[in-house]
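Step one of this worksheet: look at the structure below.
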Amino acid sequence: MGLELSPTSPAGKWLGFVTAVWVQAISGNNYTFSNYSDALKSLMALTQLQLNNLSVAKDVGKAFGLLAGLASDRLPTPLLLLIGSLEGFVGYGVQWLVVSQKIKPLPYWQMCIFLCMGGNSTTWMNTAVLVTCIRNFRKNRGPVSGILKGYVGLSTAIFTDLCTALSSSDPSTFLLMLTIVPFLVCLTAILFLREIPPSSTAGEDKEEARYFGIINAVAVVVAVYLLLFDVTGAHNRLISQSFAIILLILLASPISIPLYIATQNWIRSNSESNSDLEGVVTEPLLGMPEKEKTATEAAVAVERRAPVIGEDHTIIEALRTVDFWVLFVSFLCGVGTGLAVMNNMGQMGLALGYVDVSIFVSLTSIFGFFGRIISGSVSEYFIKKAGTPRPLWNAASQILMAVGYILMAMALPGSLYIGSIIVGICYGVRLAVSVPTASELFGLKYYGLIYNILILNLPLGSFLFSGLLAGFLYDAEATTTAGGGNTCIGAHCYRLVFIVMAIACVVGFGLDVLLAFRTKSIYAKIYASKKSKKSIAYSLETGVAGSHGSVYAVLLTGKCLERQAKMKKIDGPLYDSSAYTKCKQQPEEPLYDGGVLKDRAPDVQPIFHGDSGSTVHYWPGWVKIDGAESALVRASLMADHITTYKCIGTVVAKRGCWSFLKGGFELTSSSNFYILYFQSSDDRDINITVTSTSLQPFTKEQWRMNQQYKINTERKRAATIHVSDGHGDRLQGAKIMVEQVSKDFPFGSAIAKTILGNVPFQNWFVERFNAAVFENELKWYATEPKPGHIDYTLPDQMLEFVRANQIIARGHNIFWENPKYTPEWVLNLTGPELQSAVSSRIQSLMSKYKEEFIHWDISNEMLHYNFYEQRLGPNATLHFFEMAHESDPLATLFMNEFNVVETCEDGSSTVDDYISRLRELKQGGVSMDGIGLEAHFTVPNLALMRAVLDKLATLELPIWLTEVDISSTIDKETQGVYLEQVLREGFSHPSVNGIMLWTALHPNGYCYQMCLTDNDFHNLPAGNVVDKLLKEWRTGFEHEEDGQIQTDVYGSYSFYGFLGEYQITVSYGNRTAKSTFSLSRGDETLHFNIQV
């Protein structure tokens, strides 16, 4: 197999980015008008005002960039590029035909149209490239934006210097390049640039950062190289051609990155055919907000209020703010005057006696690149370090630009060189800093359109400062030539223009200072937010491979673990949820930099002298075997005073590739030392190699902190309530009562037929739970104890109860693989008879209860038992799921299994076996939508539980803890302790979508393993835990008297609430209003407006 460079491959993604860089390197042609403007002026006999208006027509093309922005969400990237390339080909092609005198000059208005087309072409290219690359590399948006925008800044110099080197600044050749080169480059990008999934592993993220650093370095080299060519003066033909060749090599050099990636992948694929890799579970930079909904009563008007600065604004809301217009006008002062210089640089240079003005164009472009690259990073740094308002950097650029214009007006020797540099830097700063400023002030939700309105300043500024100001004043100073044209020589030609533009920059400076003052509180909040959300970052280094053998052991010193845990205290570390479920050719680097195992050589066996206990340890590592194709490898822990092994994690390892083992353990007693063993599960002579291992301790407080962090980010959302009167005036001091009336997260318990008619039990249950599952009443032995004698009376009555109380229900179960719980008459059926019976079972049950149960456990405990597949063949389960889906297409279909998350001692139900079985069914076309974990615990191992959930989460299926309880061998007080640990762990994991307790109450207080109450419905310790957590996981306002709060001076009240439905009562004076609203999952603050 050859090198894989398809757009969807890892190398193809980078090849697409490299072609995007090339597109940006040739898309700055809007800034090159001065390179051929004098030729147009001469051929068309234009006045300076007419010539400047042609440049305005070019910039007006950018105003139609809104079309490209709107199309970017509807058209694929290749089509956007094709539209831009064709438009540029026509627009600049006609200009080349005119300048090269292939055709006669067209009427003035027609030339305006073709210049407008050329200007608009770049908006399609830029939109296609920026949007696609940011989506492909969404975790590295800053480097992507900096690199691509930087190359836009260099593009003018690239075009100008290449043309100078190859054709002595001939304007006709320059326009020919503008016609052909962008067209060809875009055609290249069309082949490779696609929107594809972003990186999903820590290793890929690190690789991306490294490759972006390389491309950044190349960009700086290109910029310096162009600068050196410009400042060294005239060159002979050989040097010029050599320069052009080297420049093209530099521009092409980033292609080495995708070629390197493709080569590495090709080597790996040839060395091992089964080196598939599975993406890790990662946290998104931004959440995926779901659809928001609000409900109002008839007498209440709920409207979207006007947002304050820093929140998301629509176009209309932004246009109504003072801050938008301050930013708009200051932006106009900066980019408008800068464009005037760029568009008139040719005439300015000729007026001051320079024959070749191309160097000034190049200087402006090159230093514009440095202005863009540096200002974004510097302004961001000072926001994080001191909360410095970003508009202050715009203010600094405005005043520096004014100084540059004064220097140009003075026309001192070399002032045009210095002025070109200053204008380039400040123009770059203005563009780079205004981009994030607009998003910080007006939010990201409607940012695309808001930004496109801001950049209308480009054609507007070009018209005002270039078309009107520079054109009129130049013509006023010019003298008529013999051919009917006009020209001006001398410093006086543009002196007044520079003075007026300097004044405009001073005005812009004042506006930016005003904006910085008005927004300082916003940047103070950003600074405070960044300070409060700091987390520990861990670098990853190559792990150490261990020795071979059927048993691989590591001795761990207890004091080292204790010291590490104490050093971290309560504020770190953050738990890493990375997980891999397929073999990789090379292992990832150790998480947490190896933790306490960092820099530990394989031959060192430190002695473990004591441990303080009560420390959770997280253990990830990579395992490879020899001597078998695959084997179950178990990681076990043994203490010096205990002769038994404690399993802390397993992995099904394979020969020739590395498998990820993730587990953990809790140290609850002191020991002189602990030994960590890696053993195969059978007696085969298998060599085990372990590498990239980590051992990261967490104190109990740190583990709880990590749980609470996930709960806050996954189960809650910020909301703000705004109160106003009928005129829209905000009301301070309005009293608000907020009550959460239902929860978004399903939390329930099993119920049995004993709940029917038992009103006290029903009341106790309904007050607590929003979900239920029938313990035995839907099982085959209960609904059809004899063949053909089907009785759904009890399930019907229980379903009526949950329906009446708006409680959702799970269907449990259709087939139980354990023959012990299979009806005896079913066990005696032959193959065809059994097939008929199971088909009837599915159709009867699921057609009767179609759309009544949110879930169905289709196959129960099939990793431990396989009755149906023994009788009906290996595809029996697959057919079960197919028939179930046909009977109830809306139901979520589950597998359900025990001892997957509870322990790793059970070799029949390891997490890898479960994942493998789920994958087999999915690959067979099964419509399976969920993962059921019974969660019958004895002593919970929280680190192992979290590790198992991480690995299962790679399947991207909802996970439910379906039958949670604690063994009856544990005393009731300890049952409560363990239950709280399990429930917190489940509720805090992002992939867990619901929790069901297996605590159905029977007469005389009997339950399967654990009861929540006694027979009189007085809580037992486990019941107290449920009540405690239900109260903790419900939004409440106990800190306010009677649950009432008051609106602030802005008529608002903000809170952070658990997801679910809310009821709000607002009173102001003798007026009262009520309404309801929902908090659904998302990152942005939800705003609700209520009138009284």
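Heads up, the final residue of the sequence shown is numbered 1363 in the working numbering, and it's a clean run with no missing numbers.
Note that beta-carbon positions come from the ideal geometry of N, C-alpha and C, so glycine has one too.
Being a predicted model, the structure only gives us computed values, none of them experimental.
CA nearest to the CA of residue i, picked from the options
i	options	result
Val704	Ser601, Met772 and Thr635	Ser601
Leu1164	Thr1148, Val1172, Val1171 and Cys1175	Thr1148
Lys971	Thr427, Arg1255, Tyr531 and Pro861	Arg1255
Val867	Pro891, Phe1359 and Lys853	Pro891
Ser646	Cys697, Leu598 and Met613	Cys697
Ser1325	Glu1303, Trp285 and Met1008	Met1008
Arg1001	Leu785, Asn1360 and Leu346	Asn1360
Ala339	Asn1076, Ile770, Val777 and Leu353	Leu353
Met1199	Ser1180, Val1171, Asp1236 and Phe1151	Phe1151
Ser392	Leu350, Gly417 and Asn1137	Leu350
Met396	Thr348, Pro378 and Glu1205	Thr348
Phe1016	Tyr1321, Ala611, Ile1266 and Leu433	Ile1266
His1060	Trp1096, Gly1294, Gly699 and Arg1074	Trp1096
Asn1034	Lys1006, Asp996, Val1073 and Lys1057	Val1073
Pro662	Phe640, Leu702, Val1320 and Leu462	Leu702
Gln1011	Trp1304, Tyr379, Phe385 and Ile467	Trp1304
Glu1332	Tyr948, Ser1013 and Gly742	Ser1013
Ser1187	Leu623, Glu1153, Leu671 and Thr1225	Thr1225
Anticipated Cβ contact below 8 Å, residue i with residue j, distance rounded
i	j	result
Gly935	Tyr889	5 Å
Gly675	Gly690	5 Å
Asp759	Ala773	Checking the sequence shown, residue 759 turns out to be Cys, not Asp. With 8 Å as the limit, Cys759 and Ala773 do not qualify as a contact, their Cβ atoms being about 20 Å apart.
Glu1173	Phe1208	5 Å
Val361	Met388	6 Å
Pro1094	Trp1051	6 Å
Thr431	Ser298	Contact doesn't hold; Cβ gap of about 14 Å is too wide.
Leu729	Val606	6 Å
Ser416	Ile405	7 Å
Asn1041	Ile1079	7 Å
Phe483	Ile418	7 Å
Sequence-distant residues of the same chain with beta carbon closer than 6 Å to residue i, five excluded per side
i	result
Pro1229	Gly1201 and Asn1264
Trp1087	Asn1131
Ser894	According to the sequence as given, residue 894 is Val; it is not Ser. Contacts found: Val904, Val922, Ala924, Ser930, Leu932 and Val961.
Lys375	none
Ala1271	Ala1021, Ile1022, Ala1023 and Glu1046
Tyr765	Met619
Pro281	Ile532
Pro660	Ala787, Thr790, Lys791 and Tyr794
His1156	Ser1198
Val1044	Ala1021, Arg1081, His1083 and Met1267
Gly355	Ser392, Trp395 and Met396
Cβ neighbours of residue i in the same chain (closer than 7 Å, five flanking residues each side left out)
i	result
Arg789	Asp594
Leu1291	Lys1243, Cys1282, Leu1283, Thr1284 and Asp1285
Ile692	Leu634 and Phe638
9 Å Cβ cutoff, residue i in contact with chain E
i	result
Val1248	Chain labels in this structure do not include chain E; a single protein chain is all it has.
8 Å CB neighbourhood of residue i in its chain, flanking five on each side removed
i	result
Glu563	Bear in mind that a pLDDT of 35 at Glu563, under 50, signals an unreliable position, so the number given afterwards is only what the model happens to contain. Cβ neighbours of Glu563 beyond the five flanking positions: Ser1349, Ser1351, Gly1353 and Leu1357.
Lys804	Since pLDDT at Lys804 reaches only 37, below the 50 mark, its modelled position is unreliable, and the value read off the structure follows with that caveat. None.
Residue i Cβ short of 8 Å to the ligand ATP heavy atom set
i	result
Leu353	In the structure on display, the ligand ATP does not appear, and there are no ligands present to speak of.
Whole runs of the alpha helix (DSSP H) within the segment 955-993, excluding any shorter than 4 residues: 971-985
Beta strand (DSSP E) runs wholly inside the segment 732-789, at least 3 long, in chain order: If we require 3 residues or more, the segment 732-789 turns out to have no beta strand (DSSP E) run fully inside it.
Length-filtered (3 minimum) beta strand (DSSP E) runs lying within the segment 1280-1342: 1315-1317, 1323-1329 and 1331-1339
Uninterrupted alpha helix (DSSP H) stretches inside the segment 1056-1141 (no shorter than 4 residues): 1064-1075, 1095-1098 and 1102-1119
Whole alpha helix (DSSP H) elements within the segment 591-669, 4-residue minimum: 593-622 and 629-657
Cβ pair count under 8 Å reaching 3, the segment 439-453 against the segment 304-314: yes
Segment contact, 8 Å Cβ cut-off, at least three pairs: the segment 1210-1224 with the segment 1246-1253: yes
Cβ contact check for the segment 415-433 and the segment 477-497: 3 or more pairs under 8 Å: Contact check between the segment 415-433 and the segment 477-497: three or more CB pairs, one atom from each, fall below 8 Å, which counts as touching.
Sufficient close CB pairs (3 or more, under 8 Å) joining the segment 451-458 to the segment 321-329: no
Contained alpha helix (DSSP H) runs [length at least 4] in the segment 1174-1214, N- to C-terminal order: Counting only runs of 4 or more, we get 1182-1194.
contact_flag[the segment 1320-1337, the segment 973-988] where n(CB pairs < 8 Å) is 3 or more: yes
Complete runs of the beta strand (DSSP E) confined to the segment 676-709 [at least 3 residues]: none
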